Amino acid sequence: MSGHGPVFPMTARRAGPLTGMAAVPGDKSISHRALILGALAVGETRISGLLQGQDVLDTARAMRAVGAEVTDHGGGNWSVHGVGVGGFAEPDNVIDCGNSGTGVRLIMGAMATSPITATFTGDASLRSRPMGRITAPLAQFGAQAFGRTGGRLPMTVVGAAAPVPVRYTLPVASAQVKSAVLLAGLNAMGDTVVIEPELTRDHTERMLAGFGAQVTVEDTDAGRVIAVTGFPELEPQTIVVPRDPSSAAFPVAAALIVEGSDVLVPNIGLNPTRAGLFTTLIEMGADLTFENERDEGGEPVADLRARFSPDLSGVEVPPERAPSMIDEFPILSVVAANATSKTVMRGVKELRVKESDRIDAMARGLEACGVTVDEEPDMLTVHGLGPGGVPGGATCEARLDHRIAMSFLCCGMAAKRPVGVDDASPIATSFPAFEALMSGLGAGLDRAGG
Ligand code: S3P
361 MSGHGPVFPM
371 TARRAGPLTG
381 MAAVPGDKSI
391 SHRALILGAL
401 AVGETRISGL
411 LQGQDVLDTA
421 RAMRAVGAEV
431 TDHGGGNWSV
441 HGVGVGGFAE
451 PDNVIDCGNS
461 GTGVRLIMGA
471 MATSPITATF
481 TGDASLRSRP
491 MGRITAPLAQ
501 FGAQAFGRTG
511 GRLPMTVVGA
521 AAPVPVRYTL
531 PVASAQVKSA
541 VLLAGLNAMG
551 DTVVIEPELT
561 RDHTERMLAG
571 FGAQVTVEDT
581 DAGRVIAVTG
591 FPELEPQTIV
601 VPRDPSSAAF
611 PVAAALIVEG
621 SDVLVPNIGL
631 NPTRAGLFTT
641 LIEMGADLTF
651 ENERDEGGEP
661 VADLRARFSP
671 DLSGVEVPPE
681 RAPSMIDEFP
691 ILSVVAANAT
701 SKTVMRGVKE
711 LRVKESDRID
721 AMARGLEACG
731 VTVDEEPDML
741 TVHGLGPGGV
751 PGGATCEARL
761 DHRIAMSFLC
771 CGMAAKRPVG
781 VDDASPIATS
791 FPAFEALMSG
801 LGAGLDRAGG
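To convert a position in the sequence shown, counted from 1, into the working numbering, add 360.
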């Protein structure tokens, strides 16, 4: 069974300062990729620090369904006994990817060049998201896809029996699309090439190289050109998953806006294709420092220290930075509401096709909390009310979106009156320990309306 359990509301109120250490879970993007590449290698891949959120558990189940042996050894330690490139078996039932766009899109890519047929579905959020962005390049390999109107799940993908390599320029800045094409290219003879005009997270390229695939990356005037050579023998790896910067964003942001706070968030992956939020927060005047900077398992890592920052001021986020902080705009808009002057976020239309329409979800919820926002198809502007200035006193819709739920709860930790979400259950997709961790820092979180 996938899904994130029964609906339950949660409310956040002002309490004392947030202090202490926030050990956030493993990186979601890297966890999905570790399971999928482990399943495509021959032999046993060992993974530590795997995110045990529902999204990743759904991917683990899907890898079992295509024949990999996936074992949970406890404490975030997992092993995957892979079946090799081209070795996926046909699943004997529908693959349910729950809430996870990354899971379904990467798995579709990984199976699209094998002669198997698989049917995919997900929860109401995932069933509303566009899959045409994946099926268009996969069709070029020779795969076929039959979904609902608008390329929505449930969808059946018939893998190509005689796949040909593809050269594909990304029409949207999407690491999921890039990754699906690269994974499909593994089982096509010759070089599959992806050109990305705007840089997106590069975990797939890094990990493919780590598993021994032949991958080249070249920066050109047309953008970054990534090529993978088909039919590699992927070698099993030992993977240490860094902690997720997208999850770190919540205790960091909460510490910046809750008076007197001082929080240390250790071991955070700071891959430059993911770190745009932290750059933006520092531009706003955040007291945020990077301690103990180092390299772990091919990814840059540091400990983040965030302290209450009473002098935050609004900024214009450059549109070219959007892909490196695409999942962090909801929590940035909460920080922006606690800054002076306005924060303008442009080039953010991809937010409309995430787990929810995140521009609309944040705009409506912030308005309900007494914050003025301006919304355009590709832009969100938040008019800051200064430190502790958000009136609050509202219950916001989470819309099956973990990051929307966590953002409004962080908002409530600093607002004058409590802020609730109608359903906190989706938080389990990426950050199952959110409630315990934030309460441990001193946050005032209450279940069921508070
Ligand atoms: C992800 C890519 C991003 C991001 C998602 C994770 C990934 O999606 O929003 O949470 O792991 O590749 P897009 O590829 O749609 O931008």
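The beta carbon of each residue, even a glycine, is placed where N, CA and C say it ideally should be.
Just so you know, these numbers come straight off a predicted model, no measurement behind them.
### Task
Rank Arg406, Ser767, Arg566 by C-alpha distance to the C-alpha of Asp782 and give the top, closest one.
For this step, residue 782 is matched to residue 422 along the sequence shown. Of the listed residues, the one whose Cα sits closest to Asp782 is Ser767.
### Task
Output the distance between the C-alpha atoms of Ala375 and Ala721, rounded to the nearest integer angstrom.
As a first step, residue 375 is located in the sequence shown; it is residue number 15 there, counting from the start. As a first step, residue 721 is located in the sequence shown; it is residue number 361 there, counting from the start. Their Cα atoms are separated by approximately 26 Å.
### Contact set for Glu727: own chain, Cβ-Cβ below 7 Å, skip 5 residues either direction
Against the sequence shown, residue 727 aligns to sequence position 367. So the qualifying residues of the chain are Val733.
### Query
Who are the Cβ neighbours of Arg512 in its own chain at under 8 Å, not counting the five residues just before and after it?
Numbered from 1 along the sequence shown, position 152 holds the residue referred to as residue 512. Excluding positions up to five away in sequence, the list reads Arg487, Ser488, Arg489, Pro490, Met491.
### Query
Which runs of the alpha helix (DSSP H) spanning at least 4 residues fall entirely within the stretch 465 to 514, listed in chain order?
492 to 501
#### Entry: beta strand (DSSP E) segment containing His743, residue limits
Here residue 743 refers to the residue found at position 383 when the sequence shown is read from its first residue. Taken as a continuous stretch (DSSP letters only), the beta strand (DSSP E) holding His743 covers 739 to 743.
### Message
For Cys756, list the residues DSSP reports as bridge partners.
### Response
Translated into the one-based positions of the sequence shown, residue 756 becomes position 396. Answer by DSSP bridge pairing, in chain order: Val781.
### Task
Could you tell me the distance, in whole angstroms, from the CA atom of Ile467 to the CA atom of Ala422?
Working through the sequence shown from its first residue, we reach residue 467 at position 107. Working through the sequence shown from its first residue, we reach residue 422 at position 62. The straight-line gap from Cα to Cα measures roughly 8 Å.
### Query
In terms of residues, what are the limits of the alpha helix (DSSP H) holding Ile599?
Taking the first residue of the sequence shown as 1, we reach residue 599 at position 239. From DSSP, Ile599 is part of no alpha helix (DSSP H) but of the beta strand (DSSP E) over 598 to 600.
### Query
Hey, is Asp452 close to the ligand S3P, as in C-beta under 7 Å from one of its heavy atoms?
On the sequence shown, residue 452 is found 92 positions in, with the first residue counted as 1. Checking the Cβ of Asp452 against the ligand S3P gives no.
### Message
To the nearest angstrom, how far is the alpha carbon of Gly398 from that of Gln504?
### Response
Here residue 398 refers to the residue found at position 38 when the sequence shown is read from its first residue. Here residue 504 refers to the residue found at position 144 when the sequence shown is read from its first residue. Computed Cα separation, rounded: 25 Å.
### Query
Do you know offhand how far Pro683's Cα is from Leu559's?
Taking the first residue of the sequence shown as 1, we reach residue 683 at position 323. Taking the first residue of the sequence shown as 1, we reach residue 559 at position 199. Going from the Cα of Pro683 to the Cα of Leu559 covers about 7 Å.
### Spatial distance of Arg373 from Ala774 (CA atoms)
Counted from its first residue, the sequence shown places residue 373 at position 13. Counted from its first residue, the sequence shown places residue 774 at position 414. Whole-angstrom Cα-Cα distance: 7 Å.
### Message
Any heavy atom of the ligand S3P inside 7 Å of the beta-carbon of His762?
### Response
Translated into the one-based positions of the sequence shown, residue 762 becomes position 402. Flag unset: Cβ of His762 not near the ligand S3P.
### Task
Take Ala569 and list the residues in its own chain whose beta-carbon comes closer than 6 Å to its own, dropping the five residues that flank it on each side.
The residue given as residue 569 occupies position 209 in the sequence shown. Val575.
### Query
Is the distance from the Cβ of Pro385 to the Cβ of Ala784 below 8 Å?
The residue given as residue 385 occupies position 25 in the sequence shown. The residue given as residue 784 occupies position 424 in the sequence shown. No, they are not a contact pair.
### Message
If we define contact as Cβ-Cβ less than 8 Å, is Met798 a contact residue for chain C?
### Response
Considering every chain present, this structure includes no chain C. It has just one protein chain.
### Query
Between Leu630 and Phe668, is the Cβ-Cβ spacing less than 8 Å?
What you label residue 630 is simply residue 270 of the sequence shown in a count that begins at 1. What you label residue 668 is simply residue 308 of the sequence shown in a count that begins at 1. Their beta carbons are not under 8 Å apart, which means Leu630 does not touch Phe668 by this criterion.
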